[in-house]
Amino acid sequence: MHKAVCEVCKAEYGENDPSRHGNLIHVDAKASTAVSEGNIEYWYCSECGKYFADVQLQV
20 MHKAVCEVCK AEYGENDPSR HGNLIHVDAK ASTAVSEGNI EYWYCSECGK
70 YFADVQLQV
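This is the structure in structure tokens:
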């Protein structure tokens, strides 16, 4: 996430809102096999780098 940028002096200002997640990526559950690991279904925010267990963004 990026802070706001002043158009005049180009300085960043303000604080990031940790509850806003703008670019969520959904990853489907995948069963494990003899040659590859599986995973549970999850959502990933590419802006803040956090992973979530459900679409309601529960950690």
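As numbered in this note's numbering, residues 20 to 78 make up the sequence shown, in order.
Just so you know, even glycine gets a beta-carbon here, dropped at the ideal spot from N, CA and C.
If you're wondering where the values come from, they're calculated on a predicted model, not measured in any experiment.
query, result
"Rounded to a whole number of angstroms, what is the C-alpha to C-alpha distance between Cys25 and Glu66?", "21 Å"
"Could you tell me the boundaries of the beta strand (DSSP E) in which Ile95 lies?", "The requested residue 95 is not part of the displayed model; the chain covers only 20 to 78."
"Please report the straight-line C-alpha distance between Ala48 and Cys64, rounded to a whole angstrom.", "17 Å"
"What are the start and end residues of the beta strand (DSSP E) that includes Cys64?", "61-64"
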